[in-house]
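Residue numbers (the working numbering): 3 to 248. The beta-carbon is built from N, C-alpha and C at its ideal position, and this holds for glycine as well. One structure below.
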Amino acid sequence: MKNWIVNTYKLSRLFIIEQIREPLALFWSLIAPPLLFVFLNLDSLSTNTASPEWYEAQASWYLSYLALSVTLFGFSMYLVGRRESGFMKSFIQRKKAKMLFLSSQINASLVLSFSYFVIFIFLTTTAFGVNSIGALTSLAFPFMIIMITFIWSAQFISVLPITFTNANSGISIVFMTMLIFSIAGLKANIPTLSYLNLFNPLSIATKFMSGNGVHAVESIGTISLLIALGGIGAVRMRTNPIWSRQ
């Protein structure tokens with residue numbers, strides 16, 4: 003057990019350092035969310051109308067976006083990248099090694115995402131004059147629940163027979179689709195769009211983060227499906243690179 007903890011810690015630390023060195027991922031996950039939040043809420047900043055309730059309602063979408071971007075462009079892409087580079091084929095053949103790898107990769111993504119979350123909270127609350135500790139206390143738990151759900155479900159990508167290039171294209175399309183539908187749903191009150199967003203993980207996460215709860219059958223079904231897909235990914239993860247078969 004002690005060796006397992008030590009090895010998980012060492013591998014998680016290595017994965018964290020690796021992801022920090024990726025400038026594009028850092029931009030989308032660390033820099034972009036607080037900048038967008040400030041720029042899109044300049045009216046409240048100039049009129050000094052921000053309150054803790056207003057802040058939490060506004061921050062919910064940005065934090066959900068943060069969780070989604072870390073999951074897709076960090077965790078998911080690294081799973082496929084390590085497989086296609088031959089890393090998994092060389093080092094991950096036994097069940098114990100697979101569990102160690104997945105645990106370490108999940109730990110790394112959770113640590114990074116929580117770090118981004120804390121930085122986002124401190125930067126944006128400072129800019130709008132809202133109590134940082136209060137916001138952290140209120141939003142930390144729902145954020146981690148969302149993050150764990152997203153990362154767990156993202157394991158499914160390791161089952162798909164796709165190359166790194168195809169994964170990058172597919173993830174970008176999925177991310178942009180969820181982003182567009184979610185933003186459109188916030189800006190326009192269209193019944194069809196509102197219904198479609200009941201299936202949108204980004205919209206579901208935003209609703210949960212804001213404290214409104216997730217009660218729609220469609221949304222509960224989507225969450226259940228994501229959890230089931232994550233279970234499939236954890237059990238049936240591919241370790242052989244797809245490119246080697248082509």
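Assess, as a yes-or-no matter, whether the segment 115 to 125 is touched by the segment 62 to 75 under the definition of 3 or more beta carbon pairs within less than 8 Å.
Because the criterion of three Cβ pairs below 8 Å is met, the segment 62 to 75 and the segment 115 to 125 touch.
Go ahead and label residue 85 buried or exposed: buried means 16 or more other beta carbons lie within 10 angstroms of its beta carbon, across all protein chains shown.
On the sequence shown, position 83 is the one that residue 85 refers to. Classification of residue 85: buried, given that the 10 Å Cβ count is 16 or more.
Below 9 Å between beta carbons: does that hold for residue 81 and residue 160?
Residue numbering aside, residue 81 sits at position 79 when the sequence shown is read from its first letter. Residue numbering aside, residue 160 sits at position 158 when the sequence shown is read from its first letter. In this structure, residue 160 lies closer than 9 Å to residue 81 by Cβ.
Taking a contact to mean a Cβ-Cβ separation below 9 Å, would you say residue 59 touches residue 221 in this structure?
Along the sequence shown, read from residue 1 onward, the residue named residue 59 stands at position 57. Along the sequence shown, read from residue 1 onward, the residue named residue 221 stands at position 219. Their beta carbons are not under 9 Å apart, which means residue 59 does not touch residue 221 by this criterion.
In whole angstroms, what separates the C-alpha of residue 237 from that of residue 8?
One-based indexing of the sequence shown puts residue 237 at position 235. One-based indexing of the sequence shown puts residue 8 at position 6. Residue 237 and residue 8: Cα-Cα distance of roughly 24 Å.
Around the Cβ of residue 17, are there at least 16 other Cβ atoms within 10 angstroms (buried) or fewer (exposed)?
Within the sequence shown, numbered from 1, the residue matching residue 17 stands at position 15. Buried.
Whole-angstrom Cβ separation of residue 244 and residue 151, contact assumed at under 8 Å?
Counting from 1 along the sequence shown, the entry for residue 244 is found at position 242. Counting from 1 along the sequence shown, the entry for residue 151 is found at position 149. The Cβ separation is near 27 Å, so there is no contact.
Does DSSP put residue 106 in a helix, a strand or coil?
If you number the sequence shown from 1, residue 106 lands on position 104. Reduced to three states, the DSSP call for residue 106 is helix.
State whether the segment 97 to 112 contacts the segment 11 to 25, with contact taken as three or more CB pairs (one from each stretch) at a distance under 8 Å.
In short, these stretches touch, since the Cβ pair count reaches three.
Rounded to whole angstroms, what's the CA-CA distance from residue 143 to residue 209? Just pull it up for me.
One-based indexing of the sequence shown puts residue 143 at position 141. One-based indexing of the sequence shown puts residue 209 at position 207. Answer to the nearest angstrom: the Cα atoms are 14 Å apart.
Terminal residues of the continuous alpha helix (DSSP H) containing residue 163?
As a working note, residue 163 is residue 161 in the sequence shown. Careful: residue 163 lies outside any alpha helix (DSSP H) and carries neither H nor E.
How far does the alpha helix (DSSP H) with residue 158 in it reach, from first residue to last?
Position 156 of the sequence shown holds residue 158. That residue, residue 158, is in no alpha helix (DSSP H); it is neither H nor E in DSSP.
For the segment 36 to 96, which segments carrying the alpha helix (DSSP H) assignment without a break, of at least 4 residues, lie completely within its bounds, in sequence order?
Qualifying alpha helix (DSSP H) stretches, in chain order: 44 to 49, 54 to 71, 79 to 86 and 89 to 93.
In terms of alpha-carbon separation, which member of 162, 22 and 204 lies closest to residue 64?
To locate residue 64, count along the sequence shown from 1; it is residue 62. The candidate whose alpha carbon is nearest that of residue 64 is 204.
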